[in-house]
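Visitor:
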Amino acid sequence: MKQALETFTYYFDIVLLVYTISICSSYLLLAIVSAQALIRYKRENSYTDYREVLSSPLTPGISLIAPAYNESLTIVENVKSLLSLQYPQLEIVVVNDGSKDDTLAKLIENYQLEEVPYAYPKTLSHKPIHGIYKSTQAIYDKLIVIDKVNGGKADALNTGLNVSSGKYAACIDVDCVLSQDALLKMIKPFLQSEERTIAVGGVIRIANSCVIEDGFLKSVQVPDNMLARFQVMEYTRAFLMGRMGWSKADGLLLISGAFGLFDKEIAVACGGYNHETVGEDMELIVRMRRYMIERGERYVVSFIPDPLCWTEAPSTNQVLGRQRNRWMRGTIETLLMHKRMFFNPKYRVLGLLSYPYWFFFEWMAPLVEIFGIVYFVLLALLDLPNWPYFFALMGSVYAFALMMSMAAILFDEMSYFQYTRWRDVRKLLIAALLEPFLHHPKVVWWSIRGNLDFVQGKKSWGEMTRTGFNTKPAK
Amino acid sequence: MNPVDNIAALVNELEVRYGMGMVFIFWLIFSFLFLALIFLLMTLLSRFAKDADARFTQDLNQYYEERLLGLLYGMSDHSDEQHIEEIKLKLKTRFQQQLLADIMVRLGKGLSGNLSDKVKQLYRTLQLHSYSLGKLKAVNWSIQASGISELREMHIQEGIPAIRELLNHRVALVRSHAQLALLELEAEGDRLSVFEQITYPLTDWDQLRLHESLKSRNGFHIESFGRLFSLSNHSIVLFAIRMSAFFGCSRDILPLQAMSSHPNVEIRTEAILALTRLGDYQLQEVLVDQFEGEETAVQHAILQYLMYTGYDRLSFFEQALTHPSHYISLQAARALAALQPAGFPEIYIERFAPQSLVIERIMHAADRRLQNA
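Structure (structure tokens):
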């Protein structure tokens, strides 16, 4: 019996070692590719004059679609901020997704809206529309408000896609703060690529503790809240050291639902957002890419590293837990919906690298981690662990995590230098040192809960309570 | 013992007590922590460098700007020669040359007339044009691109042959800058020759920038883009058609009419849209005949052409109202709304009563508040 157990632990240790080396190597490789892509992007765009886009009649139209559900407190300011974005041919489509509060009434009152007989193509299915509103004031001419029966974010976005008239659709969370030139920068990859660009994603940054004035970001600071600070580290690693690299390798599978720009024709042709998943943002990108590959059409999905979209990160464990649980469920649902891509050479980088990466290192990693802990506890009960090796291995994992976080701080420093104060560097350094102990175990637990909820068939989003930005009122 | 000896002793002890595996893990931890430390130091150094650079650049900027403004507006007691000599004193390194070049390019963009010419003249006097020309020979493509940009802004025509060499460069950014520069630097009558030398497709971004450049040249006018219509590079043909429309080149109407039946869908569509913009109305019947077998994009363009040129055969638009494409049907409804036949929209609402989608489109087209929607 003891010999069998020893044989098992021997082989199991090897499997774990190979897994750990693979995951660390993939992070390192992605970081290197991301660094190259970031340097190239900076070099290519240092002489770009985005004002040219502003005055050109050749600039294509963008419809900015913002679903709103119970946003009464902030909707007027949020829409005001969207209306003042710099872009010449812009249409703002706010979809009131059956809010129970007075979101619609506030919009009607503040923007002097009235119902109009607006005809639109019924290409994508969605819950019924009560009415479409336009402003009587010429200054709000680019605003369209749709009032519909509640159907969730995907349903609201599909409604917006149907009603919108722009060639490109920017899908955003209405409470995000966009930099004024966000659309000018996002449209560039669509215009400059020789192949058809079907989607562009941007970096999402954490706005907690930043100062927002009149709907625009005025001053950037590292969050005071430790949980939000850990998320700054996570987001920097994920966007600047992950997605940038995947984009360069033509394997990007996710553009954040908080802010993405899409070729509307392709998004609609492949069926729009899927109502059946809570990870509708990832699922749409995977489906759009499959659509192009299966038709043999050449295409590009781009990612730009400019900090264009700022969002409030959850600042309590309860809300963050719900968010991570949903992300995990969304990942699993998307991976299962597109399982035929798994190691399928027909899908090139997507099938051979991206999908397996998401499967093994995004879905499986927390499961492997929790399994490792259970396994270790059993070994400890049987008095089998080799303690010096245990501590040495734990030390190496911690050192690796620390190295990646330091690289993330450096990436941020060398790219867009967002946190200009010395004390911000100190705050980030403390977060990097503590994250593996204080934050990572919770993330693993929430992911496990996501797996369990997925097995139980849970489909809800979970309520996302926000505390609000650090704002200064309009003068 | 020094730190290296300490580490060697530790490694030895680990090997003796726990074996080679532990030594490997030790080196792994050591490497990760070492790299983490390096990254941290790089972050701190970068921050120090940025602070120092900002201070240094600010001082130098102020120095150059004071003297340049003195030269441009005669704001001090010094003579021009004195100002120039003072500037030259602090113009020895590449960093200083680049900083001054950037300031002068920025100044040039913000000024017009005599002052703008004076900046360009000064650029030469300070030998910065040689600096910019030298950048074209750099190995680094981003330096080449910035060199081209400076030569364009400062209108240095000596750069034309070297820039022409870079017109079909492998890097899109260099190509884009070269196209713009040649368009602006070539002699008046020879400007469009740039397009005949381009072998790569023009991206939408290139087209947008080229159009902006053409627009911003005061007194510069092109009467026809027709010589580009026969090129084999379709992206240039499309650009030329669009430019004909924007610049109102009525001379191009005849060739554009011929292109309304071009085998390429995009070219056909653009040609019809350009003719609409140029106010041509001679193709009405031809396009009506062409409508049935056309692609949706061309059909939409044909409906626009017919609407803006006052085509008044109601039955044609009425038939198009029931088209399966929402956009075609809506455009037909708009054309009918523009014609305002008697009883519009009520008689159409009655007539198409069973077809709710058609009625929605008629109501939309009839509503003045939705003219631009």
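Protein chains in written order, with this note's numbering: chain P, 986 to 1460; chain S, 292 to 664. By construction, the Cβ of each residue, glycine as well, lies at the ideal position given by its N, Cα and C atoms. From a predicted model like this one, the values you see are computed outputs, not experimental measurements.
So, does the CB of Leu442(S) fall closer than 7 Å to a CB anywhere in chain P?
Guide: no
Visitor: When every heavy atom of the ligand SAM is checked, does at least one fall within less than 6 Å of the C-beta of Ile1024(P)?
Guide: With respect to the ligand SAM, the structure shown offers nothing to examine, as it has no ligands at all.
Visitor: Could you check which residue in Met313(S), Arg652(S), Asp571(S) and His446(S) has the C-alpha nearest to that of Tyr414(S)?
Guide: His446(S)
Visitor: Determine the contact status of Asn1055(P) and Asp1086(P), defining contact as a CB-CB distance below 7 Å.
Guide: yes
Visitor: Take Val1185(P) and list the residues in its own chain whose beta-carbon comes closer than 6 Å to its own, dropping the five residues that flank it on each side.
Guide: Met1171, Pro1174, Leu1246 and Ser1287
Visitor: Given a cut-off of 7 Å on the beta-carbon distance, is the pair Ile650(S) and Ala624(S) in contact?
Guide: At the C-beta level, Ile650(S) and Ala624(S) stay beyond 7 Å of one another.
Visitor: Beta-carbon of Ile1006(P) versus every beta-carbon of chain S: anything under 7 Å?
Guide: no
Visitor: Alpha carbon to alpha carbon, what distance is there between Val1101(P) and Thr1144(P)?
Guide: 16 Å
Visitor: For Phe1385(P), go through chain S and note every residue whose CB falls closer than 7 Å to its CB, in chain order.
Guide: Per Cβ cutoff of 7 Å: Phe323.
Visitor: Are the beta-carbon atoms of Val314(S) and Leu305(S) separated by less than 7 Å?
Guide: Against a cut-off of 7 Å, the Cβ pair of Leu305(S) and Val314(S) comes out as a contact.
Visitor: How should Ser520(S) be labelled, buried or exposed, when 16 other C-beta atoms within 10 angstroms of its C-beta is the threshold for buried?
Guide: What sits at residue 520(S) in the sequence shown is Phe, not Ser. By the 10 Å Cβ count, Phe520(S) comes out buried.
Visitor: By the three-class DSSP mapping on this structure, what secondary structure does Val1079(P) have?
Guide: strand
Visitor: For a minimum of 4 consecutive residues, which ranges assigned as the alpha helix (DSSP H) are wholly contained in the stretch 537-588 of chain S?
Guide: 544-550, 556-568 and 575-582
Visitor: Quick one: using the 10 Å Cβ neighbour count with 16 as the cut-off for buried, is Lys1460(P) buried or exposed?
Guide: Residue confidence for Lys1460(P) is low, a pLDDT of 39 falling below 50, so the modelled location carries little weight and cannot support an answer.
Visitor: Between which two residues does the alpha helix (DSSP H) holding Lys1027(P) run?
Guide: Start and end: Lys987 to Asn1030.
Visitor: Taking the CB atoms as reference points, tell me whether Ile1157(P) and Ser1241(P) lie closer together than 7 Å.
Guide: Not in contact: Ile1157(P) and Ser1241(P) (Cβ atoms no closer than 7 Å).
Visitor: Is it true that the CB of Val1130(P) sits closer than 7 Å to the CB of Leu1092(P)?
Guide: Contact flag set, yes.
Visitor: Can you give the Cα-Cα distance for Gln387(S) and Lys381(S), rounded to whole angstroms?
Guide: Taking the straight line from one Cα to the other gives about 7 Å.
Visitor: Taking DSSP as the reference, what is the three-state secondary structure of Tyr1401(P)?
Guide: Reduced to three states, the DSSP call for Tyr1401(P) is coil.
Visitor: Identify every residue that forms a DSSP beta bridge with Ala1154(P).
Guide: Ser1048(P) and Phe1247(P)
Visitor: Three or more beta-carbon pairs under 8 Å between the stretch 1198-1207 of chain P and the stretch 1269-1281 of chain P, yes or no?
Guide: no
Visitor: For Arg1190(P), write down the residues that DSSP places opposite it in a beta bridge.
Guide: Trp1295(P)
Visitor: Can you list the residues of chain P that Tyr673(S) reaches, using a CB-CB cut of under 9 Å?
Guide: Absent from the model: residue 673(S). The displayed extent of chain S is 292 to 664, so no value can be given.
Visitor: For Glu456(S), report the span of its alpha helix (DSSP H) as first-last.
Guide: Element bounds for Glu456(S): Ile451 to Glu456.
Visitor: List, in order along the chain, the chain S residues whose C-beta lies closer than 7 Å to that of Glu1037(P)?
Guide: Leu499, Arg500 and Glu503
Visitor: Can you check whether the CB of Ser467(S) is closer than 7 Å to the CB of Leu442(S)?
Guide: no
Visitor: Rounded to whole angstroms, what is the Cα-Cα separation between Arg660(S) and Thr1059(P)?
Guide: 28 Å
Visitor: Of all Cβ atoms in chain P, is any one closer than 7 Å to the Cβ of Glu651(S)?
Guide: Closer than 7 Å: yes.
Visitor: Let's see if you can read the secondary structure: which residues bound the beta strand (DSSP E) around Ser1120(P)?
Guide: Ile1114 to Ser1120
Visitor: How should Met1379(P) be labelled, buried or exposed, when 16 other C-beta atoms within 10 angstroms of its C-beta is the threshold for buried?
Guide: exposed
Visitor: Could you tell me whether any Cβ in chain S is nearer than 7 Å to the Cβ of Ala1459(P)?
Guide: Residue placement at Ala1459(P) cannot be trusted, given a pLDDT of 39 that sits under 50; the coordinates are not used to answer.
Visitor: Since Arg518(S) contacts Leu471(S) with CB under 8 Å, what's their CB separation in whole angstroms?
Guide: About 20 Å; that fails the 8 Å criterion.
Visitor: Buried or exposed for His655(S), going by 16 or more other Cβ atoms inside 10 Å?
Guide: buried
Visitor: Starting from the C-beta of Val1382(P), find all residues in its chain whose C-beta is less than 8 Å away, skip the five residues before and the five after it, and write them out in chain order.
Guide: Thr1005 and Pro1421
Visitor: Count the other CB atoms, across all protein chains shown, that sit within 10 Å of the CB of Gln622(S); report buried if there are 16 or more and exposed otherwise.
Guide: buried
Visitor: Establish whether the CB of Ile327(S) and some CB of chain P are separated by less than 7 Å.
Guide: Reading the sequence as shown, one finds Ala at residue 327(S) and not Ile. Ala327(S) counts as touching chain P.
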